[in-house]
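From first to last, the protein sequence lines are chains C and F. The numbering of the first sequence is numbering that gives the first Met the number 0, which starts it at 0 and goes up by one. The numbering of the second sequence is numbering that gives the first Met the number 0, which starts it at 0 and goes up by one. To start, the structure under review is shown below, and the notes come after it.
Number of protein chains: 2
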Amino acid sequence: MSIASDLIRGNTDMVILAHLSKRDSYGYEINKMIQETSGQRLELKEATLYGAFRRLEEAGCITSYWGDETTGARRRYYRITPAGRAALAQSLRDWKEARDIIDALIQKDTDTDGGENHDR
Amino acid sequence: MSIASDLIRGNTDMVILAHLSKRDSYGYEINKMIQETSGQRLELKEATLYGAFRRLEEAGCITSYWGDETTGARRRYYRITPAGRAALAQSLRDWKEARDIIDALIQKDTDTDGGENHDR
DNA sequence: CACGATACATCGTCTGTCGATGTATCTATC
DNA sequence: GATAGATACATCGACAGACGATGTATCGTG
Numbered sequence: 000m001s002i003a004s005d006l007i008r009g010n011t012d013m014v015i016l017a018h019l020s021k022r023d024s025y026g027y028e029i030n031k032m033i034q035e036t037s038g039q040r041l042e043l044k045e046a047t048l049y050g051a052f053r054r055l056e057e058a059g060c061i062t063s064y065w066g067d068e069t070t071g072a073r074r075r076y077y078r079i080t081p082a083g084r085a086a087l088a089q090s091l092r093d094w095k096e097a098r099d100i101i102d103a104l105i106q107k108d109t110d111t112d113g114g115e116n117h118d119r
Numbered sequence: 000m001s002i003a004s005d006l007i008r009g010n011t012d013m014v015i016l017a018h019l020s021k022r023d024s025y026g027y028e029i030n031k032m033i034q035e036t037s038g039q040r041l042e043l044k045e046a047t048l049y050g051a052f053r054r055l056e057e058a059g060c061i062t063s064y065w066g067d068e069t070t071g072a073r074r075r076y077y078r079i080t081p082a083g084r085a086a087l088a089q090s091l092r093d094w095k096e097a098r099d100i101i102d103a104l105i106q107k108d109t110d111t112d113g114g115e116n117h118d119r
């Protein structure tokens with residue numbers, strides 16, 4: 000967990016929704032996916048993850064149902080709702096705006112580093 | 000203040016340090032600079048700002064001194080310390096890493112947004 | 001049978017942000 | 001000379017998100 004949690008804070012919900020926008024999934028799998036995609040540099044703690052699920056479900060962004068596994072531990076699957084997709088779209092816009100503003104704020108004052116750009 | 004504060008959370012200190020790495024400054028001016036650079040889209044509240052100053056000073060990242068204004072309201076100036084510059088450099092690395100990880104996490108699931116819905 | 005991995009869940013604590021509130025000085029307008 | 005707005009600093013309590021600790025239960029392997 001080399002990444003400070005506060006840098007992710009506020010983006011947890013977006014990351015989860017982004018994953019669910021592809022397919023239904025469950026907590027443990029989502030967490031593994033995050034770890035893998037981040038090259039083991041980011042790991043959401045379980046308390047964080049399940050707290051986010053509760054929030055998102057209360058907000059009507061996701062619904063949940065129990066999987067029908069006949070073997071292994073039971074799984075609670077989550078499915079994104081239309082409201083969730085709308086929230087995700089808005090979150091993506093907000094994130095990109097915030098990201099660019101922060102980049103602008105640090106770039107304005109930081110030229111000691113060579114100042115390479117990252118624009119995609 | 001269209002930008003959610005939680006998206007900036009954890010980056011406040013970095014933004015302040017980045018500004019101070021250029022020259023000594025004081026609270027009000029830093030806040031104005033942030034508003035201007037962000038195109039009025041981001042405004043740190045005063046409670047947030049002065050809380051950050053207290054944190055940074057306690058951590059040895061900045062020192063403060065009263066300006067010698069003979070006119071107008073008094074100003075408390077802040078100066079970045081060597082430790083502050085080191086913290087800034089680390090914060091910049093952390094931010095860029097976190098930024099790219101988040102981008103990777105949302106891109107993986109949103110790039111081919113054709114709208115199909117996998118039902119497991 | 002012990003142990004690690006899988007899988008879900010909650011509680012209390014910590015930390016950062018903000019609304020509300022307060023102080024004081026300078027400038028402009030009436 | 002009264003009033004208002006901008007400048008400038010500061011604190012308090014409330015709130016929300018992240019996390020460490022802890023707990024449950026099942027499965028595969030040695």
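Note that CB positions come from ideal geometry on N, CA and C, so glycine has one too. This one's a predicted model, so the numbers in the text were calculated from it and none came from an experiment.
The residues Leu16, Cys60, Ile61, in chain order, have a CB closer than 6 angstroms to that of Gly83 of chain C in the same chain once the five nearest residues on each side in sequence are set aside. Going by beta carbons, Ser20 of chain C and Thr47 of chain C fall outside the 9 angstroms limit. In this structure the region 87-104 of chain F lies against the region 34-47 of chain C, because at least three pairs of beta carbons, one per stretch, are closer than 8 angstroms. Spatial neighbours of Arg54 of chain F in its own chain (CB-CB distance under 8 angstroms, excluding positions within 5 residues in sequence) are listed in chain order as Asp12. In the three-state reduction of the DSSP assignment, Ser63 of chain F falls in the strand class. By the neighbour-count definition (other C-beta atoms within 10 Å, threshold 16), Thr36 of chain F is a buried residue. In this structure, the straight-line span from the alpha carbon of Met32 of chain C to that of Trp94 of chain C is close to 20 angstroms. In chain F, no part has a C-beta under 7 angstroms from the C-beta of Ser63 of chain C; the shortest such distance is about 13 angstroms.
In the DSSP annotation of this structure, the continuous segment of the alpha helix (DSSP H) that includes Arg54 of chain C starts and ends at 45-57. Sequence-distant partners of Tyr76 of chain F (beyond 5 residues in either direction) whose C-beta falls short of 8 angstroms from its own C-beta, in its chain, are Asp23, Ser24, Tyr25, Ser63, Tyr64, Trp65, Gly66. Ala85 of chain C sits exposed, since fewer than 16 C-beta atoms from the chains shown fall within 10 Å of its C-beta. Taking a beta-carbon distance threshold of 9 angstroms, Gly50 of chain C does not count as an interface residue toward chain F.
Residues of chain C with a Cβ closer than 9 angstroms to the Cβ of Ile7 of chain F are, in chain order, Gly9, Ala97, Ile100, Ile101.
Leu6 of chain F sits close to Gly9 of chain C, with the two beta carbons spaced by under 9 angstroms. Here Arg78 of chain C carries a strand assignment [DSSP, helix/strand/coil]. The beta-carbon of Leu104 of chain F is placed less than 9 angstroms from the nearest beta-carbon of chain C. Ile79 of chain C sits away from Leu91 of chain C, with the two beta carbons spaced by 9 angstroms or more. Just so you know, the alpha carbons of Gln34 of chain C and Ile105 of chain F end up roughly 13 angstroms apart. Within the region 21-43 of chain F, the residues whose Cβ lies closer than 7 angstroms to some Cβ of chain C are Lys21, Ile33, Thr36, Ser37, Arg40, Leu41, listed in chain order. Here Ser24 of chain F is bridged, per DSSP, to F:Tyr77. The C-alpha of Glu96 of chain C is placed about 41 angstroms away from the C-alpha of Thr69 of chain F. Per DSSP, Thr69 of chain C lies in no alpha helix (DSSP H) segment and is marked neither H nor E.
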